[in-house]
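Chains V and X supply the protein sequences, listed in that same order. Per this note's numbering, the first sequence starts with residue 1, numbered consecutively. Per this note's numbering, the second sequence starts with residue 1001, numbered consecutively. Step one of this worksheet: look at the structure below.
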Amino acid sequence: MHIELEKRAAMSPAFSILSPLLALALTLVFGAIMFAMLGKDPVAAMSAIFVEPLLETWSLHELAIKAAPLILMGVGLAVCYRSNNWNIGAEGQFTIGAITGSYLPIVFYDWHSPLVLPLMLLLGALGGALFAAIPAMLKAHFNTNEILTSLMLVYIAQLFLDWLIRGAWRDPKGFNFPVSRDFAPEAVLPAIWEESGRAHWAFIFAIVAAGLTWFMMRYTLKGFEITVLGQSERAGRFAGFSSKKMIWFGFLFSGALAGLAGICEVSGSINHLQPAISPGYGFTAIIVAFLGRLNPLGIVASGLVLGLTYLGGEAAQLSIGVSDKVTRVFQGLLLFFVLSCDTLIYYKIRITWTRMRGGVA
Amino acid sequence: MTLSEDAVAMPLLSVRGLTKLFGSFAACSHIDLDIAGGEIHALLGENGAGKSTLVKMLFGVLQPSAGQIVWQGKTVTIGSPGEARKLGVGMVFQHFSLFEALTVGENIALSLDPKISLAQISDEAASLSKAYGLPLDPKAHVADLSVGERQRIEIVRALLQNPKLIILDEPTSVLTPQEADRLFETLFKLRDEGRSVLYISHRLEEVRRICDRATVLRHGKVTGACDPRQETPASLARMMVGSDIAEVHRESVQPGEVRLDVADLSVPASTPFGVSLKNITMKVRAGEILAIAGVAGNGQGELFDILSGEHTVPENDAVQIRGRAVGEIGINGRRLMGASFVPEERHGHGAVTGMPLSDNLLLARNQSDRRAFLGGGLFSIIRHASVRSATQRVCAEMDVRKSGEDPAAGALSGGNLQKFIVGRELDRQPALLVVNQPTWGVDAGAASRIRQALIDLARAGSAVVVISQDLDEIFEVATNIAVISEGQLSDPYPAGTLTMERIGLLMGGVHERHSGSEVAHAHRA
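So, in structure tokens, the structure goes:
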């Protein structure tokens, strides 16, 4: 018996929808096997991770909080990836966005005005975009590999944040702990529904960004330009589109959304700056983008799924006593299966049973 | 090795009921084919007839869905090109697989057993190439070689395996008439040694000239097997397309105003392997078709990019469209002045393979037809409905055969996609059309339709520039002919005053220009 991959005449629309679901199912199966091998009851473990967080109101709020930055960044990255530009540094743009957005509430802490919050969001988006402009500029002018530059800039951003918090921006009344001053109430992103729980406006921003981006990709010339340049630079030039400008657009767009996610997270969930502000949202957003088929609406769904792995990981730590690294394992499994299941969109598997061949021993 | 009497009478290769399905589509359906030892066998067919699929199965690139391949009396399964080579099947592909930065010897060594030394391979290749009249220097870099020479590498590479059957896929489509003649001599020599050649082509004259037998395919089925020498081109064409091909008609019109004017433009090569353009000068008037002949790789692509504005030049006045300087203006700016462009490469340049036809219509016309196709002011919202109806109009006008309402460009056969791409531009009724290799790799039916459309466009008062390697095509459509060679463009000659041979000489480039005094004189003039 041998297994053959046969190229399909055209991509299969059924499998482009089925593939992420199949990947999800395989992840669950392999997760269960992993727990069984650890000596845990797989059914109980899987339910603790993937079902229980969905049963209580407070944890649904947590899910919205975790999903918001993933969706915001995933949507930005999807546009960037569609245009064939590979921004791997959303985590760094998220961090820089958090820093620039925090400039007002930390440096001008006694300025109280309703303008503070909108300005913070604007500065956050601007900071993320400017930080993403570095790999964009390097790629557009020096043909540098953007995957490497954007990734390396992540560590620069994180160390810069660390340096700020331990130095200039450390809270003078913070007993030398590496944290900034707490944000004033008008610098805090409000909850969507105060009485019910703490989920804040970042989730609304994420949904709006996904909707608008979906519209852009589907109905506007800009979306068309992004898709064309992503599939063939040469054809894009024939259409009069500039791939250089697209590098800038892709990076600035994804950088701005990552920066916005960063300031939303700091302002809405943490309320001050600290050395660790993200459990790897920027990298997880890459998985979110691919699991969502680089489609903004799909990304809303995949952002919620990946958000759940964070919550589930925390829950697993408490209820079944495994490390919260289990989150990472699930995310890794998921990305692996998504990418492999994507093969089925373009190929079909044919299993050939050994045939009798006359005269050949 | 001695062959038994039986084996001699038996065909070298016979194929029985060979079928290849892609999904439910049968690219090849129940093909029967016999190739005897020591014959040149033609495989004729339009694009999309299944020729490539058939030979890919014979060479082990694709696996048949059903049917048998019998090699020297034994049923065989050819699982990979390696197995095909071991059996004694060699193949020269239409698109060469050579590394430009490596030498001839290194390129050949790559496809052989890694244990054999490079020096040994180079020696063998050199002696072999001499023996077959295919002179090659094993130390030359591929980047420096002409297309004809590159093809020789592929042929020598195949011959080094001592094959009993050599498959050649459209070998002359890239050659000058003189180079083609040389190739034919090599093929005759191979045949005289008892080797067989499977010769894929849609050039009927050629097939009649060199092939002993022909098998004709249409829509994946064998529609005829004949001795091509007993047939006329017209009867062969009928077997290929199933109906008589419309002959191209043309009448000349009085040339009008100058639509395209290029004055003494030199452009350095943009890549190490590119061609630099030298002192290009040309004028094309309304009603004229200027054909630019030349062997591939002599600057045609670069010239097209300059004319289309995909590559802008700092000398703004050097290129003028309808009297306006456009050197620094990009492709959409030029389209807005009424110019239209059809590039050589369909996949990934003239069209995006994975996108539907309607998107591919928008690709070329997103600015020139802004008013019809875009709405919503600054947001530029695409009016999908009107783009789609324009797409249907183009498809109907050019008889583009497709499956479904709006299929992906990649799902169309080469000829149909080219008809669509040309039709997309004609639909605008451009004042100037620049087209590079309008019928490259396109079947006879589609080619004659496209050529007729170009002639009709000129007759309606447009200026047309046709860059082509196909001399038959050039004589069919051109009012004036110029030749490009090593980035230099000759003066235009009225089509009636040139012969095939003379163009062949001009295409051969500089040294002929020095030796042929008559031609040199024409250049100075």
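Just so it is clear, CB atoms sit at the ideal spot from N, CA and C, and this is done for glycine as well. Since the structure is predicted, the reported quantities are computational estimates derived from the model, not experimental observations.
Are the beta-carbon atoms of Arg1365/X and Arg1335/X separated by less than 9 Å?
Closer than 9 Å, so yes.
Answer yes or no: does any C-beta atom of chain X fall closer than 9 Å to that of Ser232/V?
Yes, Ser232/V lies at the interface with chain X (some Cβ there is under 9 Å from its Cβ).
Which residues of chain V have a Cβ atom closer than 7 Å to the Cβ of His1219/X, listed in chain order?
Here the premise fails: no neighbours, minimum Cβ distance about 16 Å.
With DSSP collapsed to three states, give me the class of Glu1154/X.
Correct three-state label for Glu1154/X: helix.
Along the alpha helix (DSSP H) that carries Val116/V, what are the first and last residues, could you check?
Its alpha helix (DSSP H) spans residues Val116 to Phe142.
Skipping 5 residues on each side, what residues in its chain have a beta carbon closer than 8 Å to that of Leu1003/X?
Caution applies to Leu1003/X, whose pLDDT of 43 falls short of 50 and renders its modelled position unreliable; the value that the coordinates give is listed next. None.
Would you identify the three-state DSSP class for Lys1139/X, choosing helix, strand or coil?
Here Lys1139/X sits in coil by DSSP.
Kindly list the residues whose CB is nearer than 6 Å to the CB of Leu1236/X, restricted to its own chain and excluding five residues on each side of it in sequence; keep chain order.
Excluding positions up to five away in sequence, the list reads Leu1204.
9 Å Cβ cutoff, Lys7/V in contact with chain X
Yes, because at least one Cβ of chain X sits closer than 9 Å to the Cβ of Lys7/V.
Considering only residues of the same chain and omitting the five flanking positions on each side of Asn84/V, which have a CB-CB separation below 6 Å?
The residues are Gly230.
When the Cα atoms are used, what is the spatial distance from His1030/X to Asp1227/X?
Roughly 21 Å separates the two Cα atoms.
Answer yes or no: does any C-beta atom of chain V fall closer than 9 Å to that of Leu991/X?
Residue 991/X lies beyond the stretch modelled for chain X, which goes from 1001 to 1525, so this question has no answer here.
Among Ile1321/X, Thr1439/X and Gly1377/X, which has the Cα closest to the Cα of Glu1345/X?
The option with the nearest alpha carbon to Glu1345/X is Thr1439/X.
Taking just the CA atoms, how far does Val1070/X sit from Met1010/X?
Spanning the alpha carbons of Met1010/X and Val1070/X requires a straight line of approximately 10 Å.
Can you list, in chain order, the residues of the region 1334 to 1362 of chain X whose Cβ is nearer than 9 Å to any Cβ on chain V?
Of all residues in the region 1334 to 1362 of chain X, Arg1335, Phe1341, Pro1343, Glu1345, His1347, Gly1348, His1349, Gly1350, Ala1351, Val1352, Thr1353, Gly1354, Met1355, Asp1359, Asn1360 and Leu1362 have a Cβ within less than 9 Å of some Cβ in chain V.
Which value, in whole angstroms, describes the spacing of the CA atoms of Val360/V and Gly1079/X?
With a pLDDT of 40 at Val360/V, under the threshold of 50, the modelled position of that residue is not reliable, and no figure is offered here.
Taking contact to mean 3 or more Cβ pairs, one atom from each stretch, closer than 8 Å, check whether the region 1441 to 1453 of chain X and the region 1252 to 1261 of chain X are in contact.
Remark: fewer than three beta-carbon pairs, one from each stretch, lie closer than 8 Å, so the region 1441 to 1453 of chain X and the region 1252 to 1261 of chain X are not flagged as touching.
Along the chain, where does the alpha helix (DSSP H) containing Ile1474/X start, and where does it finish?
Note, Ile1474/X: alpha helix (DSSP H), Leu1471 to Val1477.
Are the CB atoms of Arg1152/X and Pro1135/X nearer to each other than 9 Å?
Against a cut-off of 9 Å, the Cβ pair of Pro1135/X and Arg1152/X comes out as a contact.
Residues bridged to Thr1019/X (per DSSP)
Answer is Ala1066/X, bridged to Thr1019/X.
Tyr281/V lies in the alpha helix (DSSP H); which residues open and close that run?
The continuous alpha helix (DSSP H) containing Tyr281/V extends over residues Tyr281 to Leu291.
Three-state secondary structure assigned by DSSP to Met1355/X
If DSSP states are grouped into helix, strand and coil, Met1355/X belongs with coil.
Opposite His1030/X in the DSSP bridges: which residues?
Its beta-bridge partners do not exist; DSSP assigns none.
When you compare the CB of Lys139/V with every CB in chain X, is at least one pair closer than 9 Å?
Not one chain X Cβ lies under 9 Å of Lys139/V.
DSSP three-state assignment for Ala36/V, whether helix, strand or coil
When DSSP states are grouped into helix, strand and coil, Ala36/V belongs to the helix group.
Whose C-alpha, out of Ala1027/X, Ala1293/X and Leu1044/X, is nearest the C-alpha of Gly1050/X?
If we check each option's Cα against that of Gly1050/X, Ala1027/X comes out closest.
What is the residue span of the beta strand (DSSP E) that Tyr1199/X lies within?
Residues Ser1196 to Ser1201.
Take His1202/X as the anchor and find which of Gly1274/X, Gly1338/X, Val1104/X and Arg1238/X has the nearest alpha-carbon.
Scanning Gly1274/X, Gly1338/X, Val1104/X and Arg1238/X for the CA closest to the CA of His1202/X turns up Arg1238/X.
Taking only three categories from DSSP, how would you classify Cys1226/X?
In this structure, Cys1226/X counts as strand in the three-state DSSP scheme.
Just mark Ile1321/X as buried or exposed, buried being the case when its beta carbon has 16 or more other beta carbons within 10 Å.
It counts as buried.
Excluding the 5 residues flanking Leu252/V on each side, which residues of the same chain have their C-beta closer than 8 Å to its C-beta?
Correct list, in chain order: Ala129, Ala132, Ala133 and Ala136.
Rounded to whole angstroms, what is the Cα-Cα separation between Val43/V and Phe30/V?
Distance between the alpha carbons of Val43/V and Phe30/V: 12 Å.
When you compare the CB positions of Val1142/X and Glu1100/X, do they come within less than 9 Å of one another, or not?
With respect to Glu1100/X, Val1142/X sits close: the two C-beta atoms are nearer than 9 Å.
At a CB-CB cut-off below 8 Å, which residues of chain V make contact with Leu1432/X?
Those do not exist, as Leu1432/X stays about 16 Å from chain V at its closest Cβ, beyond 8 Å.
Residue-level contact to chain X via CB, Glu314/V, 9 Å cutoff:
No, Glu314/V does not count as interfacial toward chain X.
Chain-order list of residues whose beta-carbon lies under 7 Å from that of Ala1522/X (same chain, five-residue window excluded):
Confidence at Ala1522/X is low in this model, with a pLDDT of 39, below 50, so the placement of that residue is unreliable and no value is reported for it.
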